[in-house]
Amino acid sequence: MVRVTPLEPASAPTIVMFIRHGEKPSDHGAPRGINDAGEHDNHSLSVRGWMRAGALAGLMAHAPLPSHPEVQPPQRIVATKPSESAKSRRELDTADPIARRLQVVIDSDLEHGNEAEVRENILSDPRVTLVVWHHGTMGHLVRGFPITNADDVPHHWPDDRFDLIWILTRDPGDSEFTFLSVDQRLLDGDVDPST
């Protein structure tokens, strides 16, 4: 059972968006991880992951779009930083093109395993927030927000999906969010429910 973090309507955002980092390298051979200098790095994104990060930057910069009316340009980006226990740079690699495109500083002071602290951090700032997080704990992170349709929030982010945006929205003054899952539909092979 996840402890729900209470919300103070005047100081909390009305929109919080959650994405998984872009595609990662294979555990066995290709595709390999590549850092932003083009060097082999299994803690960074694969080429497809970098493509997704760039496509997400375009989506966020031009949001809302008719194909994604729920998505808004983030005014704040939260991404986990690498640590001794979680060395992945993929969250920062994914957030960086978005942050540069929108001229937003990435808040990367938070680490995996501190979901309650992350929720409190997000709920104390009224700006539209994008969270780039590790999929293994995404369900736990999101389920701890006050949500009217909490039963709709999956317990786990699907292992094979890099192309989702989980969105929490609320009207000003409301003390709970509504959960919505949106398909990104940015790259060839992404799930497109309209086809």
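End of the sequence shown sits at 199 in this note's numbering; the numbers just go up one at a time, nothing left out.
From the three backbone atoms N, C-alpha and C, an ideal C-beta is built for every residue, glycine too.
Predicted model, so just to flag it, every value in this text is computed and none were measured.
Beta strand (DSSP E) segment containing residue i, residue limits
| i | result |
| --- | --- |
| R80 | 80-83 |
| V136 | 133-137 |
| D187 | 182-187 |
| L49 | That residue, L49, is in no beta strand (DSSP E); it is neither H nor E in DSSP. |
| L168 | 168-173 |
| I23 | 19-24 |
Member of the options whose CA lies at the smallest distance from the CA of residue i
| i | options | result |
| --- | --- | --- |
| T173 | P162, D167, V186, R165 | V186 |
| A14 | L190, L191, D175 | D175 |
| V6 | D194, N125, I151 | I151 |
| L11 | S48, A59, F166, R123 | R123 |
| G53 | P17, D155, Q79, D100 | D100 |
| P162 | T141, L114, S30, A41 | T141 |
| F166 | V8, P29, N46, I126 | P29 |
| L106 | H66, P73, A120 | H66 |
| L191 | F149, D45, N39, G62 | G62 |
| E119 | L145, W137, L127 | L145 |
| I102 | V135, K85, S87 | V135 |
| G117 | P130, R104, F181, G143 | G143 |
| S87 | V108, E180, D113, S71 | D113 |
| V108 | I126, I81, N125 | I81 |
| T84 | R104, M64, N125 | N125 |
| T9 | I171, H159, S89, S128 | S128 |
| K91 | D111, E115, I110, S71 | E115 |
Integer-rounded CB distance, given that residue j should sit under 8 Å from residue i
| i | j | result |
| --- | --- | --- |
| L69 | I23 | Not a contact, Cβ separation roughly 16 Å. |
| H25 | R94 | 4 Å |
| M21 | P73 | The Cβ separation is near 13 Å, so there is no contact. |
| E27 | S48 | Contact doesn't hold; Cβ gap of about 11 Å is too wide. |
| A41 | P130 | Not quite, the Cβ-Cβ distance comes to about 36 Å (not below 8 Å), so this is no contact. |
| R156 | F181 | Looking at the sequence provided, one finds Asp at residue 156 rather than Arg. 11 Å between Cβ atoms; not a contact. |
Own chain residues within Cβ distance below 8 Å of residue i, not counting five before or after
| i | result |
| --- | --- |
| I178 | A small correction: the amino acid at residue 178 is Asp; Ile does not occupy that position in the sequence shown. Excluding positions up to five away in sequence, the list reads P13. |
| R36 | P29, S30, H44, N46, S50 |
| D196 | D187, R189 |
| D194 | D167, D187, Q188 |
Close Cβ partners of residue i (< 6 Å) along its chain, the five nearest in sequence each way excluded
| i | result |
| --- | --- |
| I19 | Q76, V132, T173 |
| H139 | R24, W161 |
| A98 | Position check: residue 98 holds Thr in this sequence, whereas Ala was assumed. Excluding positions up to five away in sequence, the list reads H25, G26, A57, V136. |
| P158 | G143 |
Residues near residue i in its chain [Cβ-Cβ closer than 7 Å; skip 5 each side]
| i | result |
| --- | --- |
| M55 | L191 |
Terminal residues of the alpha helix (DSSP H) in which residue i lies
| i | result |
| --- | --- |
| L145 | 142-147 |
| A120 | 119-127 |
| T98 | 94-106 |
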